[in-house]
Amino acid sequence: MAVQKRRTKAGKTVYVARWRDPSGKEHSKSFPLAREAKAHVQEMERATRIGINPTAGDRVTVYELMTLWIEDRNLRPASLALYTRTRDKHLGPLAKWPAKDVTPKVVRDWQAQLRTCRSWLDKDDTGMSPRYVQTAASHLRSAYKWGIENELLAKNPVRVERVQAAVEPDDVPTMAEIQAVINRARAGGAAYTEIKAKGEKPRKLVLRPDPVFADMLTVAAFTGLRIGELCGLLVEEVNLDLGVVQVRKQLDKRPPHGRVALKSKNSRRDVPISAELRPVLERLTAVRMPGDFLFTNRDGRPFLPSGAGDKVLRVATFEKAPRVHFHALRHHFASSLLLAGVPVPDVARVLGHTPAQLLKTYTHALPGSGDRVAAAISSSVGCGISAGSPHLRAVG
């Protein structure tokens, strides 16, 4: 590949950029300036290195476009896994479409499938949350943007649908749904289909009893902790003498999955321990050392946020309670406190929010300090989660 200086018949000087595509075919393009020709050669060389045929944009599929976009970036392991998951699991039939033929309507239909049923994974799939749909669409939009910048495509058909910030009442699971999922996690028996790599046959599996995971769900329901905060919680941060759970760190989603700083300065907080939750925490802390993780799997390692999220999804799907997931338990906790009349600043404090953030997210829960919050947790959030009990408890 090179730049050659030439003089036209009219006596004008031009600079000819020459390069070969991945098939070995030579191409050329003339420029009035040497620097423009050199820049074009460099771009074609880079395209060839990462596997693009610069003249074959019409033949690039959506799957190939995402692959090229991913491979052209210097990604952290966690980001690489996230983008690859979108490409391999969430594109579905869209993966085989020529990227240039995709229209905004095609993208909207694809997003609707993500929300309702990814039939290419399983006919009984219940779809993804709006937030995850937004994430997948953002990845696809970025891939198209990269394709345009590299002159493979002329336009970007992807419009990312905005996710409503406020939590709607229908997003919050009922106490019966939450209790059913906790009970099933404790007893085991939830059947699910494991989706393997493309081309491999899916496997039918059944979850074993996991009382520690059930306790983790119970603590989530009674404290409103985020999933990363739960996974990173240490025994010594459960202060039974003071009656609080001290939220100081969270577990990193990225390898090597150590404890890292919290989401914000407001996330550092003390959450009151209700009377119903105390027996669960006493049992968990009694068999572990102060520096141990509070929630560990059978191998003695802490639950990872991704694994814990997948597990509760499987149990909730089996129990036909798809609204139950870790962040939904946080929503239930917050909504219950607000409906019980706990002042907004107090609820914001135990959630690690600012009052403004809380109002933006939970406006539906507003009607027409430690001790007060703990009492509210006992009377409202605990309407039925009788720490470890398999039955709902009536509250009159």
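Quick note, in our numbering, the sequence shown goes up one by one and the last residue is 403.
For every residue, glycine included, the Cβ atom is placed at its ideal position computed from N, Cα and C.
*In the DSSP assignment, find the unbroken beta strand (DSSP E) run with Asp277 in it and report its ends.*
As a position in the sequence shown, residue 277 is number 270, starting the count at 1. DSSP places Asp277 in the uninterrupted beta strand (DSSP E) bounded by 276 to 279.
*Which residue's Cα is closest to the Cα of Ala382: Lys16, Tyr22, His97, Pro279?*
Counting from one through the sequence shown, the residue named residue 382 turns up at place 375. Relative to Ala382, the option among Lys16, Tyr22, His97, Pro279 whose CA is nearest is Pro279.
*Inside the segment 155 to 239 only - beta strand (DSSP E) runs reaching at least 3 residues*: Correct list: 198 to 201, 210 to 213.
*When DSSP labels each residue in this structure, what does Phe302 get in the three-state scheme?*
Counting from one through the sequence shown, the residue named residue 302 turns up at place 295. Coil.
*asked:* Pull the bridge partners of Pro105 from the DSSP assignment, please.
replied: On the sequence shown, residue 105 is found 98 positions in, with the first residue counted as 1. Per the DSSP secondary-structure output, Pro105 pairs in a beta bridge with Thr68.
*CB-CB length for Ala328 against Glu184, believed under 8 Å*: Looking up residue 328 in the sequence shown gives position 321. Looking up residue 184 in the sequence shown gives position 177. Yes, Ala328 and Glu184 are in contact; Cβ-Cβ is about 4 Å, under 8 Å.
_Going by DSSP in three states, Val319 sits in which element: helix, strand or coil?_
Mapped onto the sequence shown, residue 319 falls at position 312. When DSSP states are grouped into helix, strand and coil, Val319 belongs to the helix group.
*Can you find at least 3 beta carbon pairs, one from the segment 275 to 291 and one from the segment 309 to 318, that sit closer than 8 Å?*
Too few Cβ pairs lie closer than 8 Å, so no.
_I'd like the list of long-range same chain contacts for Ala9, defined as Cβ closer than 6 Å, with 5 residues on each side in sequence excluded._
Taking the sequence shown and counting its residues from 1, the one referred to as residue 9 is at position 2. Arg25.
*So what does DSSP say about Glu243, is it helix, strand or coil?*
Position 236 of the sequence shown, counted from the first residue, corresponds to residue 243. It is helical.
*Spatial neighbours of His146 within its chain, please: CB distance less than 6 Å, with the 5 preceding and 5 following residues excluded, ordered by chain position.*
As a position in the sequence shown, residue 146 is number 139, starting the count at 1. Cβ within range, chain order: Tyr90, Thr93.
*So which of Gln49, Phe38, Arg42, Gly18 has the shortest CA-CA distance to Arg27?*
On the sequence shown, position 20 is the one that residue 27 refers to. Of the listed residues, the one whose Cα sits closest to Arg27 is Gln49.
*Neighbourhood of Pro137 by C-beta, 6 Å cutoff - its chain only, sequence neighbours within 5 removed*: In the sequence shown, counting from the first residue as 1, residue 137 sits at position 130. When the five nearest sequence neighbours on each side are left out, the beta carbons in the same chain lying within less than 6 Å of the beta carbon of Pro137 are those of Val170, in order along the chain.
*Within the same chain, show all residues whose beta-carbon is closer than 7 Å to that of Ala150, passing over the 5 residues directly before and after it, in chain order.*
Here residue 150 is taken as the residue at index 143 of the sequence shown, counted from 1. The beta carbon of Ala150 sits closer than 7 Å to the beta carbons of Leu72, Met73, Trp76 from its chain, once the five residues preceding and following it are set aside; these are given in chain order.
*In whole angstroms, what separates the C-alpha of Arg13 from that of Thr20?*
Position 6 of the sequence shown, counted from the start, is the residue given in the question as residue 13. Position 13 of the sequence shown, counted from the start, is the residue given in the question as residue 20. Within the model, the alpha-carbon separation for Arg13 versus Thr20 is close to 6 Å.
*asked:* DSSP three-state label for Ser136, please.
replied: Position 129 of the sequence shown, counted from the first residue, corresponds to residue 136. Residue state, collapsed to three classes: coil.
_Span separating the alpha-carbon of Glu207 from that of Val188_ = Your numbering for residue 207 matches position 200 in the sequence shown. Your numbering for residue 188 matches position 181 in the sequence shown. C-alpha separation (whole angstroms): 30 Å.
*Are the Cβ atoms of Trp104 and Thr133 separated by less than 9 Å?*
Walking along the sequence shown from the start, residue 104 turns up at place 97. Walking along the sequence shown from the start, residue 133 turns up at place 126. No.
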